[in-house]
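What follows is a single structure, written as structure tokens, with notes after it.
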Amino acid sequence: MSILYRSDEARGPAWATYFAEHAPDLDFRVWPDAGDLTDVEYLIAWQAPPELLASLPRLKVLFSSGAGVDHVDFSKIPDHIPIVRMVEPGIINGMVEYVSLAVLALHRDFFDYIETRPKRIWNPLEVPPASARTIGVMGMGVLGQAVLARLATYGFDLRGWNRSPRRMEQVDSYAGADQLQPFLAGCDMLVCLLPLTETTRGILDRRLFAALPKGAALINVGRGGHLVDEDLIEALDACHLSRAILDVAEPEPLHHEHPFWTHPRIFLTPHVASMTQPETAAPILLENIRRHQRGEALEVIDRSRGY
Ligand code: GLV
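Terminal number for the sequence shown in the working numbering: 309, no gaps in between.
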């Protein structure tokens, strides 16, 4: 019985070290040093190409090394193999840091000062209290809730939107397609933390932007596929949206000629908002493997829902 790790190469050794120390009875292998594939029972991977899956006849569980599973083609994975996504403190903390930084940088006009500095203009802008800004988070899963909880500590006015109703203290909750427009109508900043599914693909489009108040800003830390790129450029150029902070693109890496690279009101980072941290993720993977070995249920993704 063995476990195969096939994800970020640089972080592979840290995973192997954790397993060597805490589970010496388990044979933990790091791709490409995979050994005999026929005895691999657990795969932890970012991409799980069909050729690889076909070569793992004893595979019992596929663990995604990331929080999202949208890159996994469910149709290529036999139905009896459960898929488990990665929910671990490192990913959550990274996301909380990134979104807090983005919201605070917008709230405190950092991007305006970056723009005016070369002109040597000493121009203090009014600082409204955090309570005067409404931040809306789309997607109230583990990450969305952690982000909202941290933003609450700054005193922002908060609202969240989710496919199915979710309640949270200090957050006005909206749910479902019917409540999307009223949710958007009050958001000064909109954070997208949705899973990418057939229903959410392209959700950040012209119609959605039109429902936001003039001057609103967008923070997309979901997936590039949520966003209709040309609609964002149009909304920024029409000065309906003020700024966008994007951590994700489609495809990644973003094409060299893409207008996002040079747009003055887009701030772009290369999908770094949060990363799976071996130190905190390896214990969670090990715990899940132990549960599976004991015959206990795992929290698996719902293939029909897409996350
Ligand atoms: C990163 O985007 C992840 O899904 O963990």
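All residues carry an ideal CB built from backbone N, CA and C; glycine is no exception.
With hydrogens ignored, establish whether the beta-carbon of residue i is closer than 6 Å to any heavy atom of ligand 1.
i, result
"A283", "no"
"G92", "no"
"G204", "no"
"A104", "no"
"A187", "no"
"G70", "yes"
State the CB to CB distance for the pair residue i and residue j, rounded to an integer number of angstroms; the pair is presumed to be in contact (CB under 8 Å).
i, j, result
"E254", "H273", "6 Å"
"R378", "S4", "In the structure as shown, the chain starts at 3 and stops at 309, and residue 378 therefore has no counterpart that could be examined."
"Y20", "P280", "6 Å"
"I247", "F269", "5 Å"
"A283", "G146", "Going by Cβ atoms, the distance from A283 to G146 rounds to 20 Å, so no, they are not a contact pair."
"L195", "V223", "6 Å"
"P197", "D304", "That pair is no contact at about 11 Å."
"L206", "H228", "5 Å"
"R267", "D233", "Not a contact, Cβ separation roughly 15 Å."
Less than 7 Å separating the beta-carbons of residue i and residue j?
i, j, result
"G226", "V250", "yes"
"V42", "L6", "yes"
"V89", "L300", "no"
"V173", "G204", "no"
"D190", "T136", "yes"
"L61", "L39", "no"
"R161", "G138", "yes"
"A219", "S244", "yes"
"A104", "I221", "yes"
"A350", "L288", "No information on residue 350 is available, as it lies outside the stretch 3 to 309 that the chain covers here."
"L238", "A213", "no"
"T199", "G308", "yes"
Can you tell me which residues form a DSSP beta bridge with residue i?
i, result
"C194", "M140 and N222"
"N290", "The partner list for N290 (beta bridge, DSSP) is empty, contrary to what the question assumes."
"I46", "Y7 and F65"
"R176", "In the sequence under discussion, the amino acid at residue 176 is Tyr, which differs from the Arg named in the question. Answer is W163, bridged to Y176."
"L229", "L206"
Cβ of residue i versus every heavy atom of ligand 2: is any distance shorter than 6 Å?
i, result
"G224", "Ligand 2 is not part of this structure, which contains only ligand 1."
- [ ] Decide if the segment 115-129 is in contact with the segment 146-158; the criterion is three or more beta carbon pairs, one per stretch, under 8 Å apart.
- [x] Contact fails between the segment 115-129 and the segment 146-158, because fewer than three Cβ pairs, one in each stretch, are under 8 Å apart.
Open item on the list: With a threshold of 8 Å, are at least 3 pairs of Cβ atoms found where one atom belongs to the segment 94-109 and the other to the segment 74-81?
Closed with: Verdict: no, contact absent.
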